[in-house]
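Participant: Here the protein sequences line up with chains A, B, C and D, keeping their order.
Quick note: to get our numbering, add 334 to the position in the first sequence (first position is 1).
Quick note: to get our numbering, add 334 to the position in the second sequence (first position is 1).
Quick note: to get our numbering, add 334 to the position in the third sequence (first position is 1).
Quick note: to get our numbering, add 334 to the position in the fourth sequence (first position is 1).
Number of protein chains: 4
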Amino acid sequence: MNHIVHIACSDAKGLVANITSILFKHGVNIEEMREYVDRQLSNFFMRLELSGEINHDVIQQELLSSLPANASLKISLKEPKNIIVLATKEYHCLSELLLKHHFGELNASIKCVIANHENLGDLTSKFGIPFFYVNHHNKSKEVFEKEIMEIVKAHSPDYLVLAKFMRILSPEFVSSFNDKIVNIHHSFLPAFVGANPYRQAFERGVKMIGATAHFVNNNLDEGPIITQKIVPVDHSFTVESMISAGHDVERQTLIDALKLVFDDRVFVEGNKTVVFA
Amino acid sequence: MNHIVHIACSDAKGLVANITSILFKHGVNIEEMREYVDRQLSNFFMRLELSGEINHDVIQQELLSSLPANASLKISLKEPKNIIVLATKEYHCLSELLLKHHFGELNASIKCVIANHENLGDLTSKFGIPFFYVNHHNKSKEVFEKEIMEIVKAHSPDYLVLAKFMRILSPEFVSSFNDKIVNIHHSFLPAFVGANPYRQAFERGVKMIGATAHFVNNNLDEGPIITQKIVPVDHSFTVESMISAGHDVERQTLIDALKLVFDDRVFVEGNKTVVFA
Amino acid sequence: MNHIVHIACSDAKGLVANITSILFKHGVNIEEMREYVDRQLSNFFMRLELSGEINHDVIQQELLSSLPANASLKISLKEPKNIIVLATKEYHCLSELLLKHHFGELNASIKCVIANHENLGDLTSKFGIPFFYVNHHNKSKEVFEKEIMEIVKAHSPDYLVLAKFMRILSPEFVSSFNDKIVNIHHSFLPAFVGANPYRQAFERGVKMIGATAHFVNNNLDEGPIITQKIVPVDHSFTVESMISAGHDVERQTLIDALKLVFDDRVFVEGNKTVVFA
Amino acid sequence: MNHIVHIACSDAKGLVANITSILFKHGVNIEEMREYVDRQLSNFFMRLELSGEINHDVIQQELLSSLPANASLKISLKEPKNIIVLATKEYHCLSELLLKHHFGELNASIKCVIANHENLGDLTSKFGIPFFYVNHHNKSKEVFEKEIMEIVKAHSPDYLVLAKFMRILSPEFVSSFNDKIVNIHHSFLPAFVGANPYRQAFERGVKMIGATAHFVNNNLDEGPIITQKIVPVDHSFTVESMISAGHDVERQTLIDALKLVFDDRVFVEGNKTVVFA
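Printed below as a string of structure tokens:
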């Protein structure tokens with residue numbers, strides 16, 4: 335099995351030489367390498383895919399000692415991530431995840447699905463995935479999120495995927511999963527932030543509608559963007575036909591983003607992403 | 335030469351039968367027909383392209399008498415429009431118009447170019463088009479626009495094309511050319527309204543940049559959208575490389591919109607357009 | 335429920351006036367109308383969507399009497415089509431159909447799934463659709479197709495959808511379902527006709543891969559094209575990652591084509607289609 | 335001014351470490367680095383952009399001594415390429431090059447334009463570029479190409495750009511400019527190889543037309559593909575309107591390819607390209 339090395343730090347002279355020399359010394363094969371330097375902010379990003387026998391701790395120590403003090407370094411086996419999917423009522427993003435998972439094409443293991451409506455339980459069960467219904471009615475957000483959090487903690491997921499989960503998560507909840515929550519927003523952000531983006535798009539008379547997959551931070555619809563896709567529309571589209579056309583582009587945008595995230599190809603830099611596609 | 339009939343009115347029973355029966359009675363050939371009914375607002379739109387001998391006044395009278403009272407009806411020869419191009423300093427949209435005009439592919443006759451900077455005079459002159467430099471320095475907007483208006487009036491254009499004209503036109507000016515001014519905005523509206531959209535896009539970290547061609551109304555960047563196009567970007571783009579990539583998509587979006595407008599395929603309905611592409 | 339009128343005939347003067355006058359006389363509402371005249375071949379195509387009380391036989395007779403002798407005319411209720419899906423081993427197109435069917439978004443009723451491999455039976459059963467396994471081993475094509483034909487005939491479908499059915503159908507079989515079999519081919523036809531298009535694409539070093547939905551006629555991969563879509567690739571793609579990227583574009587191309595076909599928006603003209611999208 | 339290092343060789347252990355260590359030892363800054371290993375063929379490709387004081391000969395020697403014997407290595411200043419443009423009668427690709435050159439956005443210096451028709455001489459002269467008319471009538475291909483070759487040799491260009499040059503070049507001519515001739519073909523190769531691709535596309539009834547920029551080798555339309563783009567069409571397109579729509583996508587495809595080629599981001603590997611976009 336291959337290994338993934340993820341490095342983010344201040345830029346400095348000789349970084350690539352130092353890193354690759356350490357790896358070479360240990361007889362490691364570099365199967366794939368991508369690096370990027372943000373010249374404006376002087377940040378360095380590198381993703382390596384390695385093969386061969388690797389002692390993570392030893393490599394980690396040696397690499398860290400040759401990197402700037404602010405370095406973030408992760409070495410891990412290249413293996414499927416554990417995820418939890420949160421949904422509400424719409425099936426199209428959840429079904430995409432369930433199907434690709436079922437046929438071994440998701441590069442992730444779905445531990446469970448949590449939804450604040452019951453209607454997707456049947457679909458989820460068809461694919462043998464545990465489904466937790468957490469009603470949000472007559473509950474404070476605090477209580478609602480506490481119930482979700484308990485289920486989440488019991489599964490220790492690498493990522494939470496909001497597959498059209500239509501509740502806004504509190505800053506407290508979000509901060510527990512920094513850069514670990516991926517959301518699909520049904521518009522081409524930053525156009526049409528907030529509720530009913532398709533109605534907003536319809537009323538503005540746009541000629542394209544879009545979808546945006548992004549990490550969730552504390553500000554609604556403001557997190558780092560991972561992928562965006564669009565689909566053309568014209569005057570004959572109603573709000574309803576926009577929603578329908580939007581479903582297909584939403585699920586594709588989400589799945590494209592997750593493919594990158596689960597393969598450790600996405601770095602967060604402030605409110606942006608560096609994506610080694 | 336063919337004829338174009340443009341009809342917009344309230345929807346009513348038998349409209350298509352009435353219109354086409356009148357045309358048939360006069361022995362006119364329908365070369366092309368498109369119609370659309372906005373069910374929500376109960377508006378009817380039709381574009382016809384006709385061949386044969388046609389007395390515009392007679393047809394106009396007969397059609398009007400069979401249409402609802404609020405009908406807007408235009409019958410015209412299918413011939414190139416007369417246009418004036420307004421520019422500032424950027425060449426890429428103006429050159430697109432000049433070139434396609436020079437080689438007979440614009441479907442319009444450029445009467446002159448008006449710019450508030452001098453640098454595009456040389457390019458314009460290469461193609462034998464009159465160039466008017468109207469400086470905006472040390473002038474009120476009123477005086478500036480009066481100078482432009484005098485040149486415009488002398489040429490009685492069908493359309494004004496803002497080919498990256500970076501001055502905001504006053505409501506007074508705009509209202510003289512209702513649905514007759516086409517602008518190219520360098521973002522995917524309504525994202526990044528206003529100044530420096532590429533800087534805004536860069537700072538937001540979007541993964542696509544776009545361009546929007548629209549009719550100009552009194553509210554900046556708020557007019558009816560005609561066409562929109564996008565081009566993918568990634569983390570490696572600076573503001574400058576976004577601007578450069580944007581140039582190509584801006585000119586393509588503008589030229590695609592003008593092709594539709596000059597061929598009378600665009601109707602304005604409130605703040606939206608109906609486009610028979 | 336609305337009605338759909340489908341007309342294809344030689345072009346003639348007054349066709350639109352005649353057709354719409356007949357409809358008006360009967361008090362029918364035209365909800366939507368699209369027409370197209372192929373000037374080169376002098377063919378006329380029209381699709382109407384009507385509301386109101388309609389006697390199909392009466393309208394059919396009156397319309398036919400006013401149309402050229404070679405007219406093909408169909409009047410039908412706008413209702414979901416009955417279809418049978420044929421598959422082999424790949425799940426991605428079949429699952430798209432099953433899911434959209436399950437959630438009422440397919441505009442068709444899947445009568446059954448027929449496959450020449452067993453592996454998709456489980457998936458199909460999850461959604462409560464009958465699954466018929468028709469083995470092709472140790473059988474002549476004649477016998478194999480006879481077995482399929484018996485199942486098909488028992489369900490009298492409007493359309494057969496080949497959702498990655500990898501067997502070539504005989505001219506005899508195809509001719510029984512003229513313009514009624516929709517196939518998804520995994521390349522941008524006419525590039526890469528025949529077997530292993532992704533391997534062909536890989537070996538040619540193309541920068542985009544595509545998919546083509548088309549009606550099946552007697553010549554392999556030569557039928558009238560309905561929709562085509564592409565997805566960019568680069569040098570880092572293997573045959574396997576092209577296949578994976580191709581899956582998503584294949585199912586989207588197929589579903590987009592079926593949306594048009596099931597809504598009676600596609601006419602076949604020789605080896606081409608006229609599509610009122 | 336920055337420097338570009340281009341390396342292509344067999345893959346071997348420690349290549350990146352060796353290369354970057356040599357550069358680090360000489361105090362060179364790596365501004366940008368991209369590498370790719372073709373696992374199937376075991377080929378290694380690297381592009382580096384360096385800043386700082388660099389002695390090309392010294393670095394070249396040290397790098398070569400640490401690379402496999404079959405290494406191709408080029409170190410050059412990052413500066414505009416010298417090019418010659420060959421054209422026939424169509425203006426749209428040539429004008430794109432002339433305009434971007436005129437406004438300093440081509441990243442190349444156009445030494446001259448050679449055409450086998452006279453009509454583009456006027457356009458070329460507007461931009462102050464020498465124009466050579468080389469008639470192909472009543473001449474053997476040998477003589478025709480000899481005349482072109484003399485003009486070319488007098489300018490020692492880095493690249494020849496075939497901007498809709500509609501004559502097929504002989505293997506002798508092509509072999510003198512290995513991987514140095516970029517052509518724009520007006521179809522989505524390998525669909526519609528040869529003459530009149532738009533007519534072929536029209537007759538096949540495709541729903542998208544495309545363009546392909548590629549290096550020219552000895553087999554017509556068979557060289558390594560650099561970029562491909564498409565534009566949607568429908569049944570209403572004639573051959574003529576396909577040609578017109580195709581013009582815009584052809585020039586964009588060509589200019590996108592040249593941007594990559596002139597920035598040394600394209601490697602040729604057999605009949606394919608590796609593109610560090």
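Note that the Cβ used here is the ideal one computed from N, Cα and C, for glycine as well.
Computed from a prediction, not measured in an experiment: that's the story for all the values here.
If contact means a Cβ-Cβ distance below 7 Å, which residues of the stretch 404-419 of chain D contact chain A?
Facilitator: Answer set for the stretch 404-419 of chain D: empty.
Participant: Taking CB distances under 8 Å as the criterion, tell me whether residue 369 of chain A reaches chain D.
Facilitator: Residue 369 of chain A sits at position 35 when you count from the first residue of the first sequence. Judged by the 8 Å Cβ criterion, residue 369 of chain A is in contact with chain D.
Participant: Using alpha carbons as the reference points, say which of C:559, C:512, C:531, C:529 lies closest to residue 535 of chain D.
Facilitator: What you label residue 535 of chain D is simply residue 201 of the fourth sequence in a count that begins at 1. When only C-alpha atoms are compared, the closest one is C:559.
Participant: Mapping the DSSP letters down to three states, classify residue 581 of chain C as helix, strand or coil.
Facilitator: Locating residue 581 of chain C in the third sequence gives position 247, where the first residue counts as 1. In the structure shown, residue 581 of chain C sits in a helix (DSSP, three-state: H, G or I).
Participant: In chain B, which residues lie less than 7 Å from residue 364 of chain C when you measure between Cβ atoms?
Facilitator: Counting from one through the third sequence, the residue named residue 364 of chain C turns up at place 30. Ordered by position in chain B, the residues that pass the 7 Å Cβ test against residue 364 of chain C are 350.
Participant: Does the distance from the CB of residue 587 of chain B to the CB of residue 547 of chain B come in under 8 Å?
Facilitator: Start at 1 with the first residue of the second sequence, and residue 587 of chain B comes out as number 253. Start at 1 with the first residue of the second sequence, and residue 547 of chain B comes out as number 213. A contact, by the Cβ cut-off of 8 Å.
Participant: Going along chain A, which residues have a C-beta under 7 Å from residue 524 of chain B?
Facilitator: Taking the first residue of the second sequence as position 1, residue 524 of chain B is located at position 190. In chain order: 525, 538.
Participant: Taking 8 Å as the threshold, find out whether the stretch 581-599 of chain C comes into contact with the stretch 427-434 of chain C through three or more Cβ pairs.
Facilitator: yes
Participant: Closer than 8 Å by beta-carbon distance: list the chain A residues that pair up with residue 561 of chain B, in chain order.
Facilitator: To locate residue 561 of chain B, count along the second sequence from 1; it is residue 227. Within chain A, the residues near residue 561 of chain B are 541.
Participant: With DSSP as the reference, label residue 537 of chain D as helix, strand or coil.
Facilitator: Along the fourth sequence, read from residue 1 onward, the residue named residue 537 of chain D stands at position 203. Looking at residue 537 of chain D - three-state DSSP - the assignment turns out to be helix.
Participant: Between B:573, B:443, B:592, which lies nearest to residue 463 of chain B when the distance is taken from Cα to Cα?
Facilitator: Position 129 of the second sequence, counted from the first residue, corresponds to residue 463 of chain B. Among B:573, B:443, B:592, the Cα nearest to that of residue 463 of chain B is on B:443.
Participant: If the cut is a Cβ gap below 7 Å, which residues of chain B does residue 605 of chain A touch?
Facilitator: Here residue 605 of chain A is taken as the residue at index 271 of the first sequence, counted from 1. 539, listed in chain order.
Participant: Which bits of chain A does residue 354 of chain D rub up against, with CB to CB less than 7 Å?
Facilitator: As a first step, residue 354 of chain D must be located in the fourth sequence, where it is residue number 20. Ordered by position in chain A, the residues that pass the 7 Å Cβ test against residue 354 of chain D are 350, 351, 354.
Participant: Give the DSSP bridge partners of residue 494 of chain A, in chain order.
Facilitator: As a first step, residue 494 of chain A must be located in the first sequence, where it is residue number 160. Note: residue 494 of chain A sits in a beta bridge opposite A:418, A:515.
Participant: Pull up the CB-CB distance for residue 453 of chain C and residue 423 of chain C, whole angstroms please, since I reckon it's below 8 Å.
Facilitator: Within the third sequence, numbered from 1, the residue matching residue 453 of chain C stands at position 119. Within the third sequence, numbered from 1, the residue matching residue 423 of chain C stands at position 89. The Cβ separation is near 6 Å, so the contact holds.
Participant: Once you ignore the five residues that flank residue 404 of chain A on each side, which residues in its own chain have a CB closer than 8 Å to its CB?
Facilitator: As a first step, residue 404 of chain A is located in the first sequence; it is residue number 70 there, counting from the start. Once the five neighbours on either side are set aside, the close Cβ partners of residue 404 of chain A are 343, 344.
Participant: Would you list, in chain order, the members of the stretch 581-602 of chain C that have their beta-carbon closer than 7 Å to a beta-carbon of chain A?
Facilitator: 582, 586
Participant: DSSP on residue 532 of chain D, reduced to helix/strand/coil?
Facilitator: Counting from one through the fourth sequence, the residue named residue 532 of chain D turns up at place 198. Under the three-state reduction of DSSP output, residue 532 of chain D falls in the helix class.
Participant: Quick check: what's the CA-CA separation for residue 373 of chain C versus residue 406 of chain C?
Facilitator: Taking the third sequence and counting its residues from 1, one reaches residue 373 of chain C at position 39. Taking the third sequence and counting its residues from 1, one reaches residue 406 of chain C at position 72. Using only the alpha carbons, I get a separation of about 18 Å.
Participant: Between which two residues does the alpha helix (DSSP H) containing residue 604 of chain D stretch?
Facilitator: Position 270 of the fourth sequence, counted from the first residue, corresponds to residue 604 of chain D. Here residue 604 of chain D belongs to no alpha helix (DSSP H), and DSSP marks it neither H nor E.
Participant: Using a C-beta to C-beta distance shorter than 8 Å, which residues of chain D count as neighbours of residue 357 of chain A?
Facilitator: As a position in the first sequence, residue 357 of chain A is number 23, starting the count at 1. Contacts between residue 357 of chain A and chain D, judged by CB atoms closer than 8 Å, involve 351 in chain order.
Participant: Give a yes or no on contact between the stretch 352-369 of chain D and the stretch 346-366 of chain A, applying the rule of three or more CB pairs nearer than 8 Å.
Facilitator: yes
Participant: Taking Cβ to Cβ, would you say residue 399 of chain A is nearer than 8 Å to residue 336 of chain A?
Facilitator: Locating residue 399 of chain A in the first sequence gives position 65, counting from the first residue. Locating residue 336 of chain A in the first sequence gives position 2, counting from the first residue. With contacts defined by Cβ atoms closer than 8 Å, residue 399 of chain A and residue 336 of chain A do not form a contacting pair.
Participant: Does the CB of residue 429 of chain C have a neighbour CB from chain A at under 8 Å?
Facilitator: Within the third sequence, numbered from 1, the residue matching residue 429 of chain C stands at position 95. Taking Cβ atoms only, chain A reaches closer than 8 Å to residue 429 of chain C, which makes this a yes.
Participant: According to a CB-to-CB cut-off of less than 7 Å, which residues of the stretch 370-395 of chain D neighbour chain B?
Facilitator: Answer set for the stretch 370-395 of chain D: empty.
Participant: Does the beta-carbon distance from residue 564 of chain C to residue 522 of chain C come in below 8 Å?
Facilitator: Taking the third sequence and counting its residues from 1, the one referred to as residue 564 of chain C is at position 230. Taking the third sequence and counting its residues from 1, the one referred to as residue 522 of chain C is at position 188. Yes, they are a contact pair.
Participant: Please compile the residues from chain D whose C-beta is within a distance smaller than 8 Å of the C-beta of residue 558 of chain C.
Facilitator: The residue given as residue 558 of chain C occupies position 224 in the third sequence. 539, listed in chain order.
Participant: Nearest chain D C-beta to residue 467 of chain B closer than 8 Å, yes or no?
Facilitator: In the second sequence, residue 467 of chain B corresponds to position 133, counting from 1. Not closer than 8 Å to any Cβ of chain D, the Cβ of residue 467 of chain B fails to qualify, so no.
Participant: Compute the Euclidean distance between the alpha carbons of residue 515 of chain C and residue 524 of chain C, then round it to the nearest angstrom.
Facilitator: As a position in the third sequence, residue 515 of chain C is number 181, starting the count at 1. As a position in the third sequence, residue 524 of chain C is number 190, starting the count at 1. Each residue's Cα considered, the two are about 19 Å apart.
Participant: Can you tell me whether residue 391 of chain D is buried or exposed? The criterion is at least 16 other CB atoms within 10 Å of its CB, across all chains shown.
Facilitator: Taking the first residue of the fourth sequence as 1, we reach residue 391 of chain D at position 57. Flag for residue 391 of chain D reads exposed.
Participant: Residue 570 of chain C versus chain D: which residues are under 7 Å apart at the beta carbon?
Facilitator: By one-based count along the third sequence, residue 570 of chain C stands at place 236. Neighbours of residue 570 of chain C on chain D, chain order: 370.
Participant: Just verifying my parser: in three-state terms, what is the DSSP assignment at residue 354 of chain D?
Facilitator: By 1-based counting over the fourth sequence, the position of residue 354 of chain D is 20. Helix, per DSSP.
Participant: Quick check on residue 607 of chain D: buried or exposed, where buried means 16 or more other Cβ atoms within 10 Å of its Cβ?
Facilitator: Indexing the fourth sequence from 1 puts residue 607 of chain D at position 273. Under this definition residue 607 of chain D is a buried residue.
Participant: Give me whichever residues DSSP pairs with residue 342 of chain D in a beta bridge.
Facilitator: Residue mapping note: residue 342 of chain D aligns to position 8 of the fourth sequence, counting from 1. According to DSSP, residue 342 of chain D bridges with D:379, D:406.
Participant: Examine chain C for any beta-carbon lying closer than 8 Å to the beta-carbon of residue 423 of chain A, and answer yes or no.
Facilitator: Translated into the one-based positions of the first sequence, residue 423 of chain A becomes position 89. Taking Cβ atoms only, chain C never reaches closer than 8 Å to residue 423 of chain A, which makes this a no.
Participant: Tell me whether residue 488 of chain C sits in a helix, a strand or coil according to DSSP, three-state version.
Facilitator: Start at 1 with the first residue of the third sequence, and residue 488 of chain C comes out as number 154. Correct three-state label for residue 488 of chain C: helix.
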